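Inspection log for the structure reproduced underneath, given as structure tokens.
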Amino acid sequence: MHIRFPHVSELPLLQDIERAAGQRFHDIGMPEIAEDEPLPLDELARYRRDGRAWVAVDAAGTPVGYLIADLVDGNFHVEQVSVHPGSARRGVGRSLLEHLAGHARSRQVPALTLTTFADVPWNAAYYTRCGFRVLAESMLTPGLREIREREAAHGLDRWPRVCMRREL
190 MHIRFPHVSE LPLLQDIERA AGQRFHDIGM PEIAEDEPLP LDELARYRRD GRAWVAVDAA
250 GTPVGYLIAD LVDGNFHVEQ VSVHPGSARR GVGRSLLEHL AGHARSRQVP ALTLTTFADV
310 PWNAAYYTRC GFRVLAESML TPGLREIRER EAAHGLDRWP RVCMRREL
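Take the sequence shown: its position 151, counting from 1, is numbered 340 in our numbering, and each next residue is one higher.
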């Protein structure tokens, strides 16, 4: 699995990957999530410019998955990780997470964090298998609380959500 920074010309592909990956939410009664639009190109360009966006590419060099991250309370926060369904269940997501973990370690960042749906099989249960643990509300940092507030305002709290952390 080759992971690299995305090219500017590939940013629309990241949106396509997220849309395709989101279609699974239709199957479990979460159409609002499936139909939620990906980040705009200018925001994806900012992540790329800031060195906080990575793509996993296939043998032809075409992106099949991507990850973007923020720095929140001294940790790298996985803002989005998506894998095209045609490349799912091949370790793409895990490889992207491991790449971010290596990037974080090289910068002495102590942990990775993320927020996700508690009851969606390819969300919290998957991240647990990748070494993340659910944080109790009392363990949330100010930045994670702010993220959760934004998610709630966006309507994501209609389904149970959790914050997770992976020590490095």
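Note that the Cβ used here is the ideal one computed from N, Cα and C, for glycine as well.
Here the structure is a predicted model, which is why all the values come from computation and not from measurement.
For Ser295, the uninterrupted alpha helix (DSSP H) segment begins and ends at 281–295. For Asp259, the enclosing beta strand (DSSP E) has its first and last residue at 252–261.
Straight-line measurement puts the Cα of Pro299 at about 25 Å from the Cα of Val272. Ile336 is positioned such that its CB atom lies closer than 7 Å to that of Thr304. Fewer than three pairs of CB atoms, one per stretch, sit closer than 8 Å, so the segment 224–240 makes no contact with the segment 316–329.
Contact check for Gly344 and Glu221: beta-carbon distance about 7 Å, within the 8 Å limit, so the pair qualifies. Checking the DSSP bridge columns, you'll see Trp243 partnered with Leu256.
Classified as buried, Phe265 has 16 or more neighbouring CB atoms from the shown chains inside 10 Å of its CB. A direct Cα-Cα distance of roughly 21 Å separates Asp259 from Ala307. One alpha carbon belongs to Ser284, the other to Ile206, and they sit about 16 Å apart. DSSP, read as helix, strand or coil, puts Val309 in coil. Take Asp262, set aside five residues on each side of it, and the residues of its chain with a beta-carbon closer than 6 Å to its own are Thr330, Gly332, in chain order. Under the three-state reduction of DSSP output, Ala300 falls in the strand class.
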